[in-house]
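Some notes on the structure that comes next.
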Amino acid sequence: MKNILVIYTGGTIGMVKDKQTGALHPFDMKKIYEALPVLRQLDCNIDTWQFDPIIDSSDMNAGVWIRLVDLIGQQYDKYDGFVVLHGTDTMSYTASALSFLLEDLSKPVIITGSQLPLGMIRTDGRENIISAIEIAANEQVAIGEVCIFFENKLFRGNRTTKFNAEHFEAFYSGNYPSLAKVGINIIYKQHLLRPLSNKPLKVYNKMCDNVIIVKVHPALRQEYLEAFLSVEGLRGVVLETYGSGNAPTSPWFINAIKKAIDKGVIVLNVTQCKAGSVVMGHYEASMELLNIGVVSGGDITTEAALAKLMFVLANYNSKEERIKMLNSDMRGEITGKEVF
Ligand code: ASP
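For the sequence shown, position 48 matches number 512 in this note's numbering, and the numbering has no gaps at all.
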């Protein structure tokens, strides 16, 4: 029998109704079998671990990611798979961060949550937890990566974005197909999974949060951009550009970015589009970015770009190494090198 550790960090999924008052309050994960007796029918042992305090995922930060990967690292030999219950709002950021902080995974880490609390009649949390545990304990395919399971699909975590605030189908992966579909059966697409590593797991414990995301838009003003980029200590910028990596061509814009790069800040170009890739130099409007040393994020999501930049800044020492890693597919977060 497989052993699965369910880690509850917080979020809507863990909320249940108080029988007397009707108010929603966090559920005690130790009572998971009482809340979902059907879990006894799964062919696995389930242990639980609850964060103290549990948090709304809007309060997620690098410190909590480090605690999470520390816990997985400490429990790694004891369990065959991990299910992380997490708020949906920052789930894609956490999935991306965990994918970088856990190198050479050979066991599944499946993150899930829900749009409606577990304690509500029409909750999506019930199906999400059951399927996430079933996938983490499955005997059919070996999963060695950080995934998000939501509604009826298993995704590579660092390829996802929360795209709907209301629908049960809340996550989307625009540049990589789903890894499994759940209907009457669970259909795994084995060829899309990352190959299992035969090296021991390496858990990193550093992330740099001296980073910002700047989204270009038609009302972006020189003084605002310059103010952002001149903040003391800034080390990395995820620049969300238009289409295939295009940005304003005005000299003030290019000069502001160039000044930051000359100071040693790394600027990573990602597209605002929900699918497709940055291809710098494709249009005049991205040629200058290429010339001044902006790094292409290829088809990475904004969430994964932020996590990757935080990871690379903290764990690689020279500028050359950092840029090399940003250009490399480290955990399946970008598609091939040809995009650069
Ligand atoms: N605000 C909640 C959270 O992200 C929403 C959710 O769980 O879906 O923690």
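Backbone N, C-alpha and C define an ideal beta-carbon position, used for all residues, glycine too.
- Looking at the DSSP output, W513 sits in a beta bridge with I471.
- Ranked by how close their Cα comes to the Cα of N733, the residues N628, K542, D544, M751 have M751 in first place.
- Beta bridge pairing from DSSP links R699 with no other residue.
- In this chain, the beta strand (DSSP E) harbouring I575 covers 573-576.
- In the DSSP annotation of this structure, the continuous segment of the beta strand (DSSP E) that includes Y652 starts and ends at 650-652.
- Judged by DSSP in its simplified three-state form, A606 adopts coil rather than helix or strand.
- Under the three-pair Cβ rule at 8 angstroms, the stretch 487-499 does not count as touching the stretch 557-576.
- In the pairwise beta carbon analysis, the stretch 641-658 is classified as not touching the stretch 669-676: fewer than three pairs are separated by under 8 angstroms.
- For D511, the CB stays at least 6 angstroms from every heavy atom of the ligand ASP.
- Here R620 is buried: its Cβ has 16 or more other Cβ atoms, across all protein chains shown, within 10 Å.
- Our two residues, S714 and G740, have alpha carbons roughly 25 angstroms apart in a direct line.
- The closest heavy atom of the ligand ASP lies 6 angstroms or more from the beta carbon of S642.
- For L503 and N509, the gap between their C-alpha atoms comes out near 9 angstroms.
- Closer than 6 angstroms to some heavy atom of the ligand ASP: that describes the Cβ of G475.
- DSSP places L732 outside any alpha helix (DSSP H); the residue lies instead in the beta strand (DSSP E), whose first and last residues are 730-735.
- Residue range 479-481 is occupied by the beta strand (DSSP E) that includes M479.
- For the set P682, D511, K481, G700, the Cα lying nearest the Cα of I536 is the one of D511.
- One thing to note: Q736 has its Cβ no nearer than 7 angstroms to the Cβ of E696.
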